[in-house]
Amino acid sequence: MSIFVGKPLNWQTGLQRSATPVMKQINQLMSFTNVLLFPILVFVVIAIIILCYKNNGNTVISQTNKNLPLEIIWIIIPIMILSSICEPSFKVLKYQMSQKRLPFITVKVTAHQWYWNYEYNLIGDRFNYNSNVLRQQHRIGFKKTNLGLYPELLATDYELVVPTRRVVRILITSGDVIHGFAVPSFGLKIDAIPGKLNDAWIKVSTPGIYYGQCSEFCGRDHAFMPIAVRAVSQERFNNWLKVAKSDLDKAFRIMRHGS
Numbered sequence: 223m224s225i226f227v228g229k230p231l232n233w234q235t236g237l238q239r240s241a242t243p244v245m246k247q248i249n250q251l252m253s254f255t256n257v258l259l260f261p262i263l264v265f266v267v268i269a270i271i272i273l274c275y276k277n278n279g280n281t282v283i284s285q286t287n288k289n290l291p292l293e294i295i296w297i298i299i300p301i302m303i304l305s306s307i308c309e310p311s312f313k314v315l316k317y318q319m320s321q322k323r324l325p326f327i328t329v330k331v332t333a334h335q336w337y338w339n340y341e342y343n344l345i346g347d348r349f350n351y352n353s354n355v356l357r358q359q360h361r362i363g364f365k366k367t368n369l370g371l372y373p374e375l376l377a378t379d380y381e382l383v384v385p386t387r388r389v390v391r392i393l394i395t396s397g398d399v400i401h402g403f404a405v406p407s408f409g410l411k412i413d414a415i416p417g418k419l420n421d422a423w424i425k426v427s428t429p430g431i432y433y434g435q436c437s438e439f440c441g442r443d444h445a446f447m448p449i450a451v452r453a454v455s456q457e458r459f460n461n462w463l464k465v466a467k468s469d470l471d472k473a474f475r476i477m478r479h480g481s
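Sequential numbering from 223 applies to the sequence shown in the numbering used here.
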């Protein structure tokens, strides 16, 4: 069965495909700002070329000052442009920081040098596990040799498993230094700070595996601290959860077999 993989692509210049409502709004905001910025770029480049051409070899420096209409124009126009960007930016930020409904499940993410710990907070029960970068020599043992699904330096031994189309609350902290929990397809980038819990939420729309990395320089192996999130249907998530609490390896074997 084919599975969507959210990861960076070769020669990619734009944002990754959105997998959450937050990332969808970020993509829309980027498209809107590009519509404004591209004409400004063209105008500035053309103006510079014209001025360079007209003043080529001219030793007389123009002394244009005390031009009230010109000063009003170059104050009002930037204010209008920034105001038009400000309103949708605050709208996206407000949507990102405020949850719309009660979460289906809460996951506490604790960063360490240099791995992640995922703790599932269930009713009357908790369980957690560590997620480390998948080393080349361990790929065969974990049956993760397909680089299309498990790219080098982004794949982990155990992914963070979440249900699709459900609000998942994520509490992020650190056990040592400052880290950064960032998954581009989710529009998610939150600092993991020792002694502090940062709150975020996701609602993944499409089943698949989504990759990110620590976004704060946290020490020697910062480059080997990837994030892998496996989004599955609620039924598969519930089945995985039942097995994972007692046998994590078996739960992930069943999960990979179903993929």
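Just so you know, even glycine gets a beta-carbon here, dropped at the ideal spot from N, CA and C.
In this text, all values refer to a predicted model and were calculated from it rather than measured experimentally.
Note that the C-beta distance between N354 and I394 is not below 8 Å. Note that the stretch 303-319 does not touch the stretch 432-441; fewer than 3 beta-carbon pairs, one per stretch, sit closer than 8 Å. L376 is classed as buried because its beta carbon has at least 16 other beta carbons within 10 Å across all chains shown.
The criterion of a C-beta distance shorter than 8 Å is not satisfied by F474 and P385. Comparing alpha-carbon positions, the option among Y351, Y380, N352 lying closest to K365 turns out to be Y380.
The Cβ neighbour count for S253, taken over all protein chains shown within 10 Å, is under 16; the residue is labelled exposed.
When DSSP reads this structure, W338 sits in a beta bridge with A333, S353. The criterion of a C-beta distance shorter than 8 Å is not satisfied by Y342 and V331.
Annotation for Q435: the continuous beta strand (DSSP E) segment containing it runs 430-436.
Rounded to whole angstroms, A466 and F408 show a C-alpha spacing of 25 Å.
Three or more beta-carbon pairs drawn from the stretch 291-310 and the stretch 255-268 are found closer than 8 Å, and the two stretches are therefore classed as touching.
Between L251 and the set I476, K425, F446, L315, the nearest pair of CA atoms involves L315. If you check the CB distance, T378 and A445 do not come in under 8 Å. Looking at the DSSP output, S396 sits in a beta bridge with A333, P416. The continuous beta strand (DSSP E) containing I449 extends over residues 448-454. Counting every other CB atom within 10 Å of its CB across the protein chains shown gives E457 a total below 16, marking it as exposed. Residue environment: M245 is assigned as buried (16 or more neighbouring CB atoms within 10 Å of its CB, all protein chains considered).
For W423, the closest C-alpha among the options I327, L371, I400, P230 is that of I327. Contact annotation: E438 and I400 have beta-carbon atoms nearer than 8 Å. In this chain, A377 is not harboured by any alpha helix (DSSP H), its DSSP state being neither H nor E. With distances taken between CA atoms, W338 lies nearest to L382 out of P406, K288, L382.
Taking the Cα of P243 as reference, the smallest distance to any Cα among K464, W336, A333, V390 is reached at V390. Around the beta-carbon of G430, 16 or more other beta-carbon atoms lie within 10 Å, marking it buried.
DSSP places G402 in the uninterrupted beta strand (DSSP E) bounded by 401-405. Burial state of F265 is exposed, judged by a 10 Å Cβ sphere holding fewer than 16 other Cβ atoms.
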